[in-house]
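Participant: Have a look at the structure that comes next, please.
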Amino acid sequence: MLDRSTPHARGLAPLAGVVLVLVTFCLAATVSGAVLASGHDVSGDLSPRVSLSLAVDGDSLALTHRGGDALDVTALRLVVTVDGEPLAHQPPVPFFSARGFHPGPTGPFNSAADPRWAAGETASVRVAGTNQPTLEAGGTVTVRVYVDDALVAEASTRTAS
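Heads up: the sequence shown begins at 1 in the UniProt record's numbering, then just goes up one per residue.
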């Protein structure tokens, strides 16, 4: 048995504490490295995830929320392209009347509606003939939906021939 009165025995307690701190630090570093190497997103990206479908009927663009997170339309930015070319005037959702569009969009794109856009709901706008490029038969229309600068959904379809 150790005699605790000797100087050597009293020096063991601080040494054991230092060893325990080093072991704890090494374990924390190993776990952190394993999490980062696993490919999990630890950046805190809170962008919504959503699935949309697009239907074009004449001058009407109808987007249906197929699933995923509900969206706050007041935080959205839509970019509509026709055959890869952006419309001269983009829809400033939500709105009632806007340059380049017929008044009275439907669903959550209408400024008088509930701005929460959830699965199963359809929102539509009608592109005015004064907006360019025009929706021509056989063309490809793409709508990209952004929250801040993050693309959260994209939908494309061909117009009826």
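From the three backbone atoms N, C-alpha and C, an ideal C-beta is built for every residue, glycine too.
Please read these numbers as outputs of a predicted model, since none were measured by experiment.
Report back the beta-carbon spacing between residue 143 and residue 61 to the nearest angstrom; my notes put them in contact at under 8 Å.
Facilitator: Going by Cβ atoms, the distance from residue 143 to residue 61 rounds to 7 Å, so yes, they are a contact pair.
Participant: Among the residues of its own chain, which have a CB less than 8 Å from the CB of residue 215, if the five just before and after it don't count?
Facilitator: Any answer about residue 215 is impossible in this case: the structure gives the chain only from 1 up to 161.
Participant: Tell me which same chain residues have a C-beta within less than 6 Å of the C-beta of residue 150, skipping the five on either side of it?
Facilitator: Closer than 6 Å at Cβ, skipping near neighbours: 47.
Participant: In the segment 64-101, which residue ranges form an unbroken alpha helix (DSSP H) of at least 4 residues, counting only runs that do not cross its ends?
Facilitator: Correct list: empty.
Participant: Tell me which residue opens and which closes the beta strand (DSSP E) that residue 154 is part of.
Facilitator: 150-158 is the span of the beta strand (DSSP E), which, as asked, contains residue 154.
Participant: In angstroms, rounded to a whole number, what distance separates the CA positions of residue 52 and residue 154?
Facilitator: Between residue 52 and residue 154, the C-alpha separation is close to 7 Å.
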